[in-house]
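A.B. asks: Pasting a structure here, questions to come.
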Amino acid sequence: MAASLGYLLLWLSLVFSISQFYFSKNKAKIKLISISVNGLLISTLISFFLLIYVHVISDFSVLNVFQNSHTTKPLIYKIAGVWGNHEGSMLLWILVLTIFNYFLFKLYNKGNCTFVSKTLQIQAFISAGFILFTLLTSNPFERIFPVQTNGLGFNPILQDPALAAHPPLLYIGYVGFSAAFSISIAALTLGNSEKVPWYIYMKSFVLISWTFLSIGIALGAFWAYYELGWGGWWFWDPVENASFMPWLLGTALLHSLLIVEKRKSLQTWVLLLSILAFILSMVGTFLVRSGILTSVHTFALDPSRGIYILAFIALLGGYSLILFGTKSKKYFDNNYFSFLSKEGSILINNILMIVVCFTVFLGTIYPLIVEALTNNKISVGEPYYNSTVVPIMIPAILVMGIGPILSWGKEEKLKVLKKIFPTLVVTAVMTITTFLIYQSYSLIGIVGIILAFWIIANNVTILIKKNKTHALGMVIAHLGIGLLILGITGSSVWQEEKIARMKIGNEIKIEKYNVLFDRIDKIKGPNYLALQGNFLIFNDQKKIITKLKPENRFYPIKNNFTTEASIHTNLLRDLYIVLGDGNINDGWVVRIYYNPLVVWIWIGSIVIFIGGIVSMKKNINKIKIL
Amino acid sequence: MKKKLLIIPFILFLSVLFTLFYLLIIDRNPSKLPSNLLDKKVPNFETKSLFKNENFISSNEFGNEIILVNFFATWCKPCRNEHVYIKRFSEEKGIRVVGINYKDDTNNTIEWLKNLGNPYSDIPIDKNGNIAIDWGVYGIPETFIVNSNSIIKYRHVGPITKEMYKKINSLIEAME
Amino acid sequence: MKKRIFIIIISVCLVLFSLNFSYAVEPEEVLENQKQETRARNISKNIRCMVCQNQSIDESNSPLAKDLRILIRSKIKEGDKDFEIYKFLTDRYGDFILLKPPLKSSTLALWFLPFVFFIIGILIVYSHNRKSKKN
């Protein structure tokens, strides 16, 4: 019953999206538009909750529940399982679309009615497209008969809090760019006859998208780090790249919107960027769901779904790019930018973000292009991105340090040097200190540490001086990036690994720590059995720092094994132990990792998130005044 | 001038879309890899042969007729599933099939073949998996068609299915 | 419908197969000569695990990855140079096995376009700026 109602409500959502599309053509029909927007939101919301409901009560007559759930799953993961599959995640995607649709509607007032109506029309079209796709090819409420007594269960590795929160946060990011896209199309179509500050509206949505995309990506990396077992957290997997590209464009967009606000310049560029950001979000969806490539992230599906999504991308992308080509002239300006100024550094940031985005895109689709043209398969893996993306990011980070402290308009070179001298000194001091601690030198390590402290020093200085001329959100976010780079450099460059076969009672040394293999226990979890190793960690003063307990788990229902690493974290390093194969006679394979500064990746990500939230608050207050 | 420049990214956009569309509609498996040994000569190898006293020497055996080479193991479930088709290749179609036994226990193999039937003319033993590596094998079972000039003409990764059985037969018939 | 379930089961198996690892290099594989071992690790990090998703054989616990790791180490001990080992693997598995795409005519675009794009970007901004300055 619940499933049928959910299905019906999804059709109702389609009806509301079509009615919104129709009524928003005439800005006077505000009441009908309002009914459409609210109706669309409410019917989608209830439909989504009904899908959660059938998962929670384990209604295995619903195919989606049967394929992805199991009675033994803890409640939280029954709920999270709703969006851990293709059909359910499409419903989540649609829900977020309708929520952003609602907030677009909230902008409506007498002064901007034509503009917002047009925006709502575009958003309605996008929503209708996705709802139709879901109804026709990916119905989450599809039934299955005869009804089985239990489901196919769910991968125990994916039963994890970080992974549960990962998709919703990412989707706020991806889908949020749809709002920026709709605003862009409206601006291009209408030519801003109402003199609407569309860029301020766009900024709020881009801020929300960018902030949540950042934390969503970070959460995925965090999960990979503590779950996968060797301290890796980013693999340049095609679907990871698909989340990184909109993030890069979003970053460029945020910075360019600043220039639009302050100097009414670069408007055409911003209009193009917002179109591209959403197209890339959709390309990301396409890669995950079309079956065109395999990846740990893909929902393996049939190509017919891919064709639909591709056609939709072609339609929206083609229409928007042609519109941009023909109508963007109205926003064109001939403003001059001095490179040694805030605008100049934002421009450099934009060029670099676009180039990195292009490179990631190239690396991701190149194997597909080669396969289509030559029937050969090649791989483009981590080494490619390290050789290309990293060198391009370095000047971007450098500029990020100077940019905020430059003023608008041209700046004198001497003045700039005066401004940055104190932070240069601090950077030098911190760099030398770090290398005294870690004692291992490499070019990329030196560059990374200098960059990290350069950013941290600059922004901490601004914070301490309580300089009101700088936007607090920006300073915090930049500081977060500095901390992030610190963590990335430390964990990549100075990681130590020890692999050994250890019997009980054996001891091994890593860095300044002694690791003693104390004993093996057999333990029982809620849905697994495990072998747990007990390791005592001693520091150089022979004092026990901690006990680490890595596990090898066996899940009887899924009939598979997983390993759980055990990690001890402090601000300077992570100690990370993984238990491998073995037995009491021959001993066990033990892997120990010393990962310096890793925690700063996560701290940096949270700080970036806070910076985004602070900016969002300020921006929303600005809109309220409008 | 600006308008003409804008056409370039649009054309790039369209070409990327067409490429992706093309890849979707052709018959391809994103996780299967084409063999790098196609149209190349069979790798040379010499190894013990199950059921025979002399070693299996590849240069002696290939080059006279069309041979199917099937990498298999008793611990591999799909190998068991496809075995009926391997037998059909040998018994119904009269094709010579060489079965390379991959990382297996010889006693298990003897038992397995006793129970399921032995379609193989020879069973070279690849104890450590190095022969398989020489053939670019990455996921058994894998089956190769080698023509009468010792050239590898086709490779299938995974178990032989009904469709694959038909396809391989028609490929072999075309070669004769 | 059956096909869909099959595809989903396969994908789940693939996911399991690829996520269910933590054993990469095992202690018995490690070469005694530190320099040789470092060479082996570096080469392994560039070799794709053929049955995993986007992992190197250095990170994967699949049996084929292990065989290839051992093979690479034995070749290093025999005195093979890095490029000879890479050639041995690509002769058998094609360029797909390399995580760092080789520099060939087919990959020229891949390696040079990023920097070309960068220069184009700078040129566009620079020329636009110059025109604006004149006005």
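Chains A, B and C, in that order, give the protein sequences. Quick note on this note's numbering: the first sequence kicks off at 1 and runs consecutively. Quick note on this note's numbering: the second sequence kicks off at 627 and runs consecutively. Quick note on this note's numbering: the third sequence kicks off at 803 and runs consecutively. By construction, the Cβ of each residue, glycine as well, lies at the ideal position given by its N, Cα and C atoms.
The alpha helix (DSSP H) that contains residue 801 of chain B, what's its start and end?
C.D. replies: Position 175 of the second sequence, counting from 1, holds the residue named residue 801 of chain B. First-last of the alpha helix (DSSP H) with residue 801 of chain B: 788-801.
A.B. asks: Answer yes or no: does any C-beta atom of chain C fall closer than 7 Å to that of residue 109 of chain A?
C.D. replies: Translated into the one-based positions of the first sequence, residue 109 of chain A becomes position 109. It does not: the Cβ of residue 109 of chain A has no partner Cβ on chain C nearer than 7 Å.
A.B. asks: When you compare the CB of residue 896 of chain C with every CB in chain B, is at least one pair closer than 7 Å?
C.D. replies: Reading the third sequence from its first residue, position 94 is the one you call residue 896 of chain C. Cβ-Cβ to chain B under 7 Å: yes for residue 896 of chain C.
A.B. asks: When the Cα atoms are used, what is the spatial distance from residue 821 of chain C to residue 225 of chain A?
C.D. replies: Walking along the third sequence from the start, residue 821 of chain C turns up at place 19. Walking along the first sequence from the start, residue 225 of chain A turns up at place 225. Bear in mind that the predicted position of residue 821 of chain C carries a pLDDT of just 33, short of 50, making it too unreliable to give a figure here.
A.B. asks: Give the DSSP-derived three-state secondary structure of residue 629 of chain A in the structure shown.
C.D. replies: Absent from the model: residue 629 of chain A. The displayed extent of chain A is 1 to 626, so no value can be given.
A.B. asks: At a Cβ cut of 9 Å, what residues of the segment 744-770 of chain B count as close to chain C, listed as they run along the chain?
C.D. replies: Correct list: 754, 755, 756, 758, 759, 760, 761, 762, 763, 764 and 765.
A.B. asks: For a contact meaning CB atoms closer than 8 Å, what does residue 795 of chain B contact in chain C?
C.D. replies: Position 169 of the second sequence holds residue 795 of chain B. Near residue 795 of chain B there are no residues of chain C at all, since even the closest Cβ is about 24 Å away, more than 8 Å.
A.B. asks: For residue 366 of chain A, tell me which candidate among C/916, C/843, C/858 and C/869 has the shortest Cα-Cα distance.
C.D. replies: Your numbering for residue 366 of chain A matches position 366 in the first sequence. Ranking the options by Cα distance to residue 366 of chain A, first place goes to C/916.
A.B. asks: Classify residue 834 of chain C as buried or exposed, calling it buried when 16 or more other Cβ atoms lie within 10 Å of its own Cβ.
C.D. replies: Against the third sequence, residue 834 of chain C aligns to sequence position 32. Exposed, since its Cβ has fewer than 16 Cβ neighbours within 10 Å.
A.B. asks: Please list, in chain order, the chain C residues whose beta carbon lies closer than 8 Å to that of residue 500 of chain A.
C.D. replies: In the first sequence, residue 500 of chain A corresponds to position 500, counting from 1. Simply 829.
A.B. asks: I need the straight-line Cα distance from residue 381 of chain A to residue 846 of chain C, nearest angstrom please.
C.D. replies: Counting from one through the first sequence, the residue named residue 381 of chain A turns up at place 381. Counting from one through the third sequence, the residue named residue 846 of chain C turns up at place 44. Rounded to the nearest angstrom, the two C-alpha atoms are 13 Å apart.
A.B. asks: Kindly list the residues whose CB is nearer than 8 Å to the CB of residue 99 of chain A, restricted to its own chain and excluding five residues on each side of it in sequence; keep chain order.
C.D. replies: Mapped onto the first sequence, residue 99 of chain A falls at position 99. Around residue 99 of chain A: 41.
A.B. asks: Assign residue 202 of chain A to one of three DSSP states: helix, strand, or coil.
C.D. replies: Taking the first residue of the first sequence as 1, we reach residue 202 of chain A at position 202. Reduced to three states, the DSSP call for residue 202 of chain A is helix.
A.B. asks: Does the beta carbon of residue 661 of chain B come closer than 7 Å to any beta carbon on chain A?
C.D. replies: Working through the second sequence from its first residue, we reach residue 661 of chain B at position 35. No, because no Cβ of chain A sits closer than 7 Å to the Cβ of residue 661 of chain B.
A.B. asks: Give the straight-line distance between the Cα atoms of residue 201 of chain A and residue 183 of chain A, rounded to the nearest whole angstrom.
C.D. replies: As a first step, residue 201 of chain A is located in the first sequence; it is residue number 201 there, counting from the start. As a first step, residue 183 of chain A is located in the first sequence; it is residue number 183 there, counting from the start. Cα-Cα distance, rounded: 8 Å.
A.B. asks: Please return the same chain residues whose Cβ sits closer than 6 Å to the Cβ of residue 939 of chain C, not counting the five positions on each side in sequence.
C.D. replies: Residue numbering for chain C in the displayed model covers 803 to 937; residue 939 of chain C lies beyond these limits and cannot be assessed.
A.B. asks: Considering just the uninterrupted stretch of the alpha helix (DSSP H) at residue 74 of chain A, what are its terminal residues?
C.D. replies: Position 74 of the first sequence holds residue 74 of chain A. Counting along the chain, residue 74 of chain A falls outside any alpha helix (DSSP H), and DSSP gives it neither H nor E.
A.B. asks: Cα-Cα, which of A/566, A/521, A/570 and A/569 is closest to residue 583 of chain A?
C.D. replies: Position 583 of the first sequence holds residue 583 of chain A. Among A/566, A/521, A/570 and A/569, the Cα nearest to that of residue 583 of chain A is on A/521.
A.B. asks: Verify whether the separation of the beta carbon atoms of residue 248 of chain A and residue 216 of chain A is less than 7 Å.
C.D. replies: Counted from its first residue, the first sequence places residue 248 of chain A at position 248. Counted from its first residue, the first sequence places residue 216 of chain A at position 216. Contact: no.
A.B. asks: For the segment 845-868 of chain C, which residues have a beta carbon sitting closer than 7 Å to at least one beta carbon of chain D?
C.D. replies: No chain D appears in the structure shown, which is made up of the protein chains A, B and C.
A.B. asks: For residue 628 of chain A and residue 369 of chain A, what's the separation of their Cα atoms in angstroms?
C.D. replies: The structure shown has nothing for residue 628 of chain A, since chain A only spans 1 to 626.
A.B. asks: Any Cβ of chain C within less than 7 Å of the Cβ of residue 638 of chain B?
C.D. replies: Mapped onto the second sequence, residue 638 of chain B falls at position 12. No, residue 638 of chain B does not count as interfacial toward chain C.
A.B. asks: From residue 702 of chain B to residue 767 of chain B, what does the alpha carbon distance come to, in whole angstroms?
C.D. replies: On the second sequence, residue 702 of chain B is found 76 positions in, with the first residue counted as 1. On the second sequence, residue 767 of chain B is found 141 positions in, with the first residue counted as 1. Residue 702 of chain B and residue 767 of chain B: Cα-Cα distance of roughly 8 Å.
A.B. asks: Taking beta-carbon pairs under 7 Å, can you tell me which members of the segment 322-356 of chain A lie near chain C?
C.D. replies: The segment 322-356 of chain A vs chain C, Cβ under 7 Å: 334, 335, 336, 337, 347, 351, 354 and 355.
A.B. asks: Would you say residue 237 of chain A faces chain C, with C-beta separation under 7 Å as the test?
C.D. replies: Mapped onto the first sequence, residue 237 of chain A falls at position 237. By this cut-off, residue 237 of chain A is an interface position.
A.B. asks: Any idea which residues DSSP pairs residue 564 of chain A with across the strands?
C.D. replies: Position 564 of the first sequence, counted from the start, is the residue given in the question as residue 564 of chain A. DSSP output for residue 564 of chain A lists A/551 as bridge partner(s).
A.B. asks: Could you name each continuous alpha helix (DSSP H) segment of 4 residues or more that falls completely within the segment 97-160 of chain A, going from the start of the chain to the end?
C.D. replies: Here the runs fully enclosed are 113-137.
A.B. asks: Considering Cα atoms alone, identify which of A/344, A/327 and A/90 is closest to residue 335 of chain A.
C.D. replies: One-based indexing of the first sequence puts residue 335 of chain A at position 335. Ranking the options by Cα distance to residue 335 of chain A, first place goes to A/344.
A.B. asks: Does the Cβ of residue 421 of chain A have 16 or more other Cβ atoms within 10 Å, making it buried, or fewer, making it exposed?
C.D. replies: The sequence position of residue 421 of chain A within the first sequence is 421, counting from 1. With fewer than 16 other Cβ atoms within 10 Å, it is exposed.
A.B. asks: By the three-class DSSP mapping on this structure, what secondary structure does residue 431 of chain A have?
C.D. replies: Numbered from its first residue, the first sequence carries residue 431 of chain A at position 431. Looking at residue 431 of chain A - three-state DSSP - the assignment turns out to be helix.
A.B. asks: Mind pulling the chain B residues with CB within less than 7 Å of residue 314 of chain A?
C.D. replies: Taking the first sequence and counting its residues from 1, one reaches residue 314 of chain A at position 314. Near residue 314 of chain A (Cβ distances below 7 Å), the residues of chain B are 643.
A.B. asks: Start and end of the alpha helix (DSSP H) containing residue 647 of chain A?
C.D. replies: Chain A is shown only over 1 to 626; residue 647 of chain A falls outside these bounds and no answer can be derived.
A.B. asks: Within the continuous alpha helix (DSSP H) that includes residue 916 of chain C, where are the two ends?
C.D. replies: Position 114 of the third sequence, counting from 1, holds the residue named residue 916 of chain C. Note, residue 916 of chain C: alpha helix (DSSP H), 910-936.
A.B. asks: Using DSSP with H/G/I as helix, E/B as strand and the rest coil, what is residue 535 of chain A?
C.D. replies: Indexing the first sequence from 1 puts residue 535 of chain A at position 535. DSSP places residue 535 of chain A in strand when its eight states are reduced to three.
A.B. asks: For chain A, is any of its Cβ atoms less than 7 Å away from the one on residue 825 of chain C?
C.D. replies: Looking up residue 825 of chain C in the third sequence gives position 23. Confidence at residue 825 of chain C is low in this model, with a pLDDT of 49, below 50, so its placement is unreliable and the value that follows should be read with caution. Judged by the 7 Å Cβ criterion, residue 825 of chain C is in contact with chain A.
A.B. asks: Residue range of the beta strand (DSSP E) that residue 588 of chain A falls in?
C.D. replies: As a first step, residue 588 of chain A is located in the first sequence; it is residue number 588 there, counting from the start. Counting along the chain, the beta strand (DSSP E) containing residue 588 of chain A begins and ends at 587-596.
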